[in-house]
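Student: In the numbering used here, the protein residues as written are 1 to 188. Ideal Cβ positions, reconstructed from N, Cα and C, are used throughout, including at glycine.
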């Protein structure tokens, strides 16, 4: 039976729920999360900084470096728009006229994340080769700096909780406990 649970990852789900029940000690889980992770949420916010900013981008993708360069010049000179060129583009932004976002910078793949952080709004960036071999032409449309508001605080607390829970489950599974044995749950 344990093999069946492990193959569907239900064992991890069950362990996670048991751990949450035990550590909350009869209190609502949200109360326990707040007590354990709220102070660390502010630290994480300061640590991540601009990675939590939200950006809106216009992006074109292509396999041909020369075509990417041609698109860059057309966009710079005003001979074409992202929406016009998006029909020939590859990737998810094709269906939205080249527009992506709002997205958190941390959700962008390298090197897009670094480019989005250093780009100035409204300026078309020269073609950039991605690790997969495609080329992109990008324009940062807007950047919304992250704020440590209630929504962000809750998101970061949940992230910290999930990270702790994942580590606790991994620790328990690594010890391979026998049925009925006692297990130590590392608290945050």
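Look up residue 130 in the DSSP assignment and say whether it is helix, strand or coil.
Tutor: Three-state DSSP puts residue 130 in coil, outside helix and strand.
Student: Below 8 Å, can you find three or more Cβ-Cβ pairs linking the segment 30 to 49 to the segment 61 to 73?
Tutor: Contact fails: fewer than three Cβ-Cβ distances are below 8 Å.
Student: Rank 137, 96, 97 and 33 by C-alpha distance to the C-alpha of residue 116 and give the top, closest one.
Tutor: Comparing Cα positions, the closest option is 137.
Student: Going by Cα to Cα distance, which pick from 85, 114, 84 and 62 is closest to residue 91?
Tutor: It is 62.
Student: When the Cα atoms are used, what is the spatial distance from residue 55 to residue 31?
Tutor: Cα to Cα, residue 55 sits roughly 32 Å from residue 31.
Student: Locate the beta strand (DSSP E) running through residue 90, then write down its first and last residues.
Tutor: Here residue 90 belongs to no beta strand (DSSP E), and DSSP marks it neither H nor E.
Student: State the DSSP-derived secondary structure class of residue 142, mapped to helix, strand or coil.
Tutor: Residue 142 falls in the strand class under three-state DSSP.
Student: Please state whether DSSP places residue 82 in a helix, a strand or coil.
Tutor: In this structure, residue 82 counts as helix in the three-state DSSP scheme.
Student: At the level of alpha carbons, what is the spacing between residue 96 and residue 88?
Tutor: Their backbone Cα atoms lie some 12 Å apart in a straight line.
Student: Residue 102 to residue 33, Cα distance in whole Å?
Tutor: Near 28 Å, if we compare the C-alpha coordinates of residue 33 and residue 102.
Student: Looking at the strands, I want to know which residues DSSP matches up with residue 58.
Tutor: 99 and 139, per the DSSP bridge assignment.
Student: Compare the beta carbon distance of residue 85 and residue 48 with 8 Å and say whether it is the shorter of the two.
Tutor: It is not a contact, given that the beta carbons lie outside the stated cut-off.
Student: Tell me which residue opens and which closes the alpha helix (DSSP H) that residue 195 is part of.
Tutor: Examination of residue 195 is not possible in this model, given that the chain is present from 1 through 188 alone.
Student: Taking residue 195 as the reference, give the member of 175, 155, 172 and 176 with the closest Cα.
Tutor: This structure leaves residue 195 out entirely; the chain is present only between 1 and 188.
Student: Where do the ends of the alpha helix (DSSP H) carrying residue 174 lie?
Tutor: Residues 150 to 175.
Student: With three or more C-beta pairs closer than 8 Å as the rule, is the segment 120 to 128 touching the segment 72 to 83?
Tutor: Flag = yes, the segment 72 to 83 and the segment 120 to 128 touch.
Student: With C-beta atoms as the reference, is residue 140 less than 8 Å away from residue 52?
Tutor: Their beta carbons are not under 8 Å apart, which means residue 140 does not touch residue 52 by this criterion.
Student: Taking Cβ to Cβ, would you say residue 119 is nearer than 8 Å to residue 98?
Tutor: Cβ atoms of residue 119 and residue 98: not closer than 8 Å.
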